[in-house]
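Its first residue numbered 17, the sequence shown is counted upward by one per residue in our numbering.
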Amino acid sequence: MAIEGSKEEAAAGRIRLGMVGGGRGAFIGAVHRIASRIDDQYELVAGALSAEPEKAKASAADIGIAPDRSYGSFAEMAKAEAARSDGIEAVAIVTPNHMHAPAAKAFLEAGIHVICDKPLTTTVAEAEELVSLVKKSGKVFAVTHNYTGYPMIRQARAMVEAGELGEIRLVQAEYPQDWLTEKAEASGSKQAEWRTDPKRSGAGGCIGDIGTHAYNLACFVSGLELDQLLAQLTTFVPGRLLDDDVQILLRWKGGARGMIWASQVAVGNENGLKLRVYGTKGGLEWTQADPNYLWFTKFGEPKQLLTRGGAGAWPEAARVTRVPGGHPEGYLEGFANIYTEAARAIVAARSGKAVDADVIFPTVEDGLKGMRFIDAAVKSSEGGNVWTKA
């Protein structure tokens with residue numbers, strides 16, 4: 017399949033990867049490690065896997081990182097790896113949000129490419145600083161908004177760009193979950209503890225954790241830029257410090273309208289990410305729970321079900337497809353597509369070559385847009401649910 021790397025990429029050897037965070041008990045660290053290995057583009061050789069030294073060492077031993085390349089802090093790791101002839105070329109940052117900016121800054125200043133989990137930072141100012149650092153360093157910086165890696169999302173984007181929907185009028189995204197319906201942060205859930213803590217998560221709870229995914233996907237597929245929003249952020253669970261439900265109206269530049277709903281207290285929902293885009297000529301619908309299919313309707317005609325790997329698949333989808341239709345590809349493969357796209361950019365950087373035009377991954381600028389979205393939504397909600405410039 018087209019997702020495979022070129023002979024030149026293979027000859028250059030796997031990218032030496034480090035990881036910050038992702039030790040024992042962490043969910044997303046394992047996801048990043050799996051995604052990095054699916055297309056055989058990376059080799060994990062170093063890590064600062066926990067802020068607790070003993071846990072960091074044990075976690076490194078669990079996944080085969082040599083003891084002398086298991087570090088007690090990201091700062092120590094950045095300095096030591098930059099000094100090695102076989103040091104890491106890229107680092108994956110999979111910590112709670114408040115550590116993204118300082119870790120990314122340390123590795124960029126050490127001349128190391130960065131792959132960072134979302135949201136980019138906890139403040140707009142931090143995100144703006146990272147954008148400046150990336151421009152100054154010339155390093156690759158990818159943000160793992162992994163849903164942009166799904167083949168049928170790539171097709172949806174291509175169809176919008178080709179004018180299949182006409183002029184875009186409406187863009188709606190939703191991402192309901194139910195895992196925080198009760199106060200899980202008070203019962204020992206590590207994942208809930210930091211996500212509901214303003215010191216570690218930032219000013220947004222649900223909006224930063226999953227609302228940013230819905231917003232990023234809406235922007236990625238529609239190609240639109242946000243002008244204003246009106247947000248209502250609600251905390252339903254008593255004693256919780258951050259929002260657990262998000263309802264937002266959107267005004268896109270150019271006149272299109274939209275809505276985003278994200279919730280972590282919507283009982284009966286797991287990871288119910290959905291996207292709908294409607295234009296003057298047609299509409300698209302996609303759901304993450306059934307990601308190998310894309311509904312497309314031309315105005316006045318029956319709905320068409322387009323299948324990943326099927327007769328209606330466009331080249332943009334085929335390029336990031338691994339197996340024939342009927343063999344499902346999903347979350348991990350979509351995540352892997354982001355890692356592999358970033359790998360192609362890193363390999364190009366090794367020799368100073370330009371990155372192929374078809375390589376797409378969320379960048380530090382996309383991360384900044386996400387932070388501005390969070391900031392505007394919090395201000396809108398706190399200001400009495402008023403229209404706010406994004």
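Just so it is clear, CB atoms sit at the ideal spot from N, CA and C, and this is done for glycine as well. Just so we're clear, the structure is a prediction, and the values are computed from it rather than from any experiment.
Which of the three DSSP states is assigned to Ser-279 in this structure? The sequence position of residue 279 within the sequence shown is 263, counting from 1. DSSP places Ser-279 in strand when its eight states are reduced to three.
Status (buried if at least 16 other CB within 10 Å, exposed otherwise) for Arg-32: Position 16 of the sequence shown, counted from the start, is the residue given in the question as residue 32. Buried is the call here.
Using the C-alpha atoms, what's the distance from Val-147 back to Gly-154? Locating residue 154 in the sequence shown gives position 138, counting from the first residue. Locating residue 147 in the sequence shown gives position 131, counting from the first residue. Distance between the alpha carbons of Gly-154 and Val-147 is about 11 Å.
Is Lys-372 buried or exposed, if buried means 16 or more other CB atoms sit within 10 Å of its CB? Here residue 372 refers to the residue found at position 356 when the sequence shown is read from its first residue. The question names Lys, but residue 372 is Asp in the sequence shown. Exposed: under 16 other Cβ atoms inside 10 Å.
Report yes if the CB atom of Val-159 is closer than 8 Å to the CB atom of Gly-350, and no otherwise. Taking the sequence shown and counting its residues from 1, one reaches residue 159 at position 143. Taking the sequence shown and counting its residues from 1, one reaches residue 350 at position 334. Going by C-beta atoms, Val-159 is not nearer than 8 Å to Gly-350.
Is Tyr-87 helix, strand or coil by DSSP? For the purposes of this step, residue 87 is identified with residue 71 of the sequence shown, where counting begins at 1. If DSSP states are grouped into helix, strand and coil, Tyr-87 belongs with coil.
Using C-beta distances below 6 Å, list every residue in its chain close to Ala-174, excluding the 5 sequence neighbours before and after it, in chain order. Against the sequence shown, residue 174 aligns to sequence position 158. So the list reads Trp-330, Glu-332, once near-sequence residues are dropped.
Between Phe-123 and Ser-89, what straight-line distance do the alpha-carbon atoms span, to the nearest angstrom? As a first step, residue 123 must be located in the sequence shown, where it is residue number 107. As a first step, residue 89 must be located in the sequence shown, where it is residue number 73. Near 12 Å, if we compare the C-alpha coordinates of Ser-89 and Phe-123.
What's the C-alpha gap between Thr-251 and Ala-234? Translated into the one-based positions of the sequence shown, residue 251 becomes position 235. Translated into the one-based positions of the sequence shown, residue 234 becomes position 218. Between Thr-251 and Ala-234, the C-alpha separation is close to 24 Å.
Beta strand (DSSP E) segment containing Glu-190, residue limits: Here residue 190 is taken as the residue at index 174 of the sequence shown, counted from 1. Element bounds for Glu-190: 184-192.
C-alpha distance - Ile-128 paired with Thr-313, whole-angstrom precision: Translated into the one-based positions of the sequence shown, residue 128 becomes position 112. Translated into the one-based positions of the sequence shown, residue 313 becomes position 297. Taking the straight line from one Cα to the other gives about 45 Å.
How is Tyr-58 classed by DSSP in three states: helix, strand or coil? Indexing the sequence shown from 1 puts residue 58 at position 42. Three-state DSSP puts Tyr-58 in a strand.
Spell out the partners DSSP gives Trp-268 in its beta bridges. For the purposes of this step, residue 268 is identified with residue 252 of the sequence shown, where counting begins at 1. The partner list for Trp-268 (beta bridge, DSSP) reads Leu-242.
Within this structure, are the beta carbons of Leu-289 and Ala-230 separated by less than 8 Å? Stepping through the sequence shown from its first residue, residue 289 is reached at position 273. Stepping through the sequence shown from its first residue, residue 230 is reached at position 214. It is a contact, given that the beta carbons lie within the stated cut-off.
In chain order, what residues of the same chain have a beta carbon less than 7 Å from the beta carbon of Thr-296, not counting five sequence neighbours either side? Residue mapping note: residue 296 aligns to position 280 of the sequence shown, counting from 1. Gly-182, Glu-183, Arg-185.
Examine chain E for any beta-carbon lying closer than 8 Å to the beta-carbon of Arg-170, and answer yes or no. Looking at the structure shown, chain E is missing, and only one protein chain is on hand.
Where do the N-terminal and C-terminal ends of the alpha helix (DSSP H) with Val-150 fall, by residue? By one-based count along the sequence shown, residue 150 stands at place 134. Here the alpha helix (DSSP H) through Val-150 covers 140-153.
Locate the beta strand (DSSP E) running through Phe-377, then write down its first and last residues. Locating residue 377 in the sequence shown gives position 361, where the first residue counts as 1. Taken as a continuous stretch (DSSP letters only), Phe-377 belongs to no beta strand (DSSP E), as it is neither H nor E.
With DSSP as the reference, label Trp-210 as helix, strand or coil. For the purposes of this step, residue 210 is taken as residue 194 along the sequence shown, with counting starting at 1. Trp-210: helix per DSSP, three-state reduction.
Whose CA, out of Met-115, Pro-118, Thr-111, Asp-84, lies closest to the CA of Gly-103? On the sequence shown, residue 103 is found 87 positions in, with the first residue counted as 1. Closest by alpha carbon: Asp-84.
My output table needs one value for Tyr-294: the three-state DSSP class, helix, strand or coil. Position 278 of the sequence shown, counted from the start, is the residue given in the question as residue 294. Three-state result, Tyr-294: strand.
Less than 8 Å between the beta carbons of Ala-208 and Ala-219, yes or no? Residue mapping note: residue 208 aligns to position 192 of the sequence shown, counting from 1. Residue mapping note: residue 219 aligns to position 203 of the sequence shown, counting from 1. Contact: no.
Measure how close the beta-carbons of Cys-222 and Asp-260 come, nearest whole angstrom, since I'm counting them as under 8 Å. Locating residue 222 in the sequence shown gives position 206, where the first residue counts as 1. Locating residue 260 in the sequence shown gives position 244, where the first residue counts as 1. 5 Å between Cβ atoms; contact.
For Lys-134, name the three-state secondary structure that DSSP assigns. Mapped onto the sequence shown, residue 134 falls at position 118. If DSSP states are grouped into helix, strand and coil, Lys-134 belongs with coil.
For Gly-270, which residues of its own chain have a beta-carbon under 6 Å away from its beta-carbon, when the five flanking residues on both sides are left out? Taking the sequence shown and counting its residues from 1, the one referred to as residue 270 is at position 254. Excluding residues within five positions, none has a Cβ falling inside 6 Å.
Would you call Arg-100 buried or exposed, if buried means 16 or more other Cβ atoms sit within 10 Å of its Cβ? By one-based count along the sequence shown, residue 100 stands at place 84. With fewer than 16 Cβ atoms within 10 Å of its Cβ, Arg-100 is classed as exposed.
In or out: Tyr-151 buried (at least 16 other Cβ within 10 Å) or exposed? By 1-based counting over the sequence shown, the position of residue 151 is 135. Inspection of the sequence shows that residue 151 is occupied by Lys rather than by Tyr. When all chains shown are included, Lys-151 counts as exposed.
Which of helix, strand or coil DSSP assigns to Glu-177: Here the question's residue 177 lines up with position 161 in the sequence shown. In the structure shown, Glu-177 sits in a helix (DSSP, three-state: H, G or I).
Under 7 Å Cβ to Cβ from Val-402, same chain only, skipping five residues before and after it: list those, please. Looking up residue 402 in the sequence shown gives position 386. Taken in chain order, the residues that qualify are Leu-246, Ser-396.
Exposure of Ala-27, with buried meaning 16 or more beta-carbon neighbours within 10 Å: In the sequence shown, the residue the question calls residue 27 occupies position 11. Bear in mind that the predicted position of Ala-27 carries a pLDDT of just 45, short of 50, making it too unreliable to give a figure here.
Counting along the chain, where does the beta strand (DSSP E) carrying Thr-313 start and finish? Stepping through the sequence shown from its first residue, residue 313 is reached at position 297. Counting along the chain, the beta strand (DSSP E) containing Thr-313 begins and ends at 309-314.
In this structure, how does DSSP classify Arg-100 when only helix, strand and coil are distinguished? Residue mapping note: residue 100 aligns to position 84 of the sequence shown, counting from 1. Here Arg-100 sits in coil by DSSP.
Backbone CA spacing between Leu-149 and Phe-43 [nearest angstrom]: Numbered from 1 along the sequence shown, position 133 holds the residue referred to as residue 149. Numbered from 1 along the sequence shown, position 27 holds the residue referred to as residue 43. Distance between the alpha carbons of Leu-149 and Phe-43: 29 Å.
May I ask you to report which of helix, strand or coil DSSP gives Glu-301? To locate residue 301, count along the sequence shown from 1; it is residue 285. Strand.
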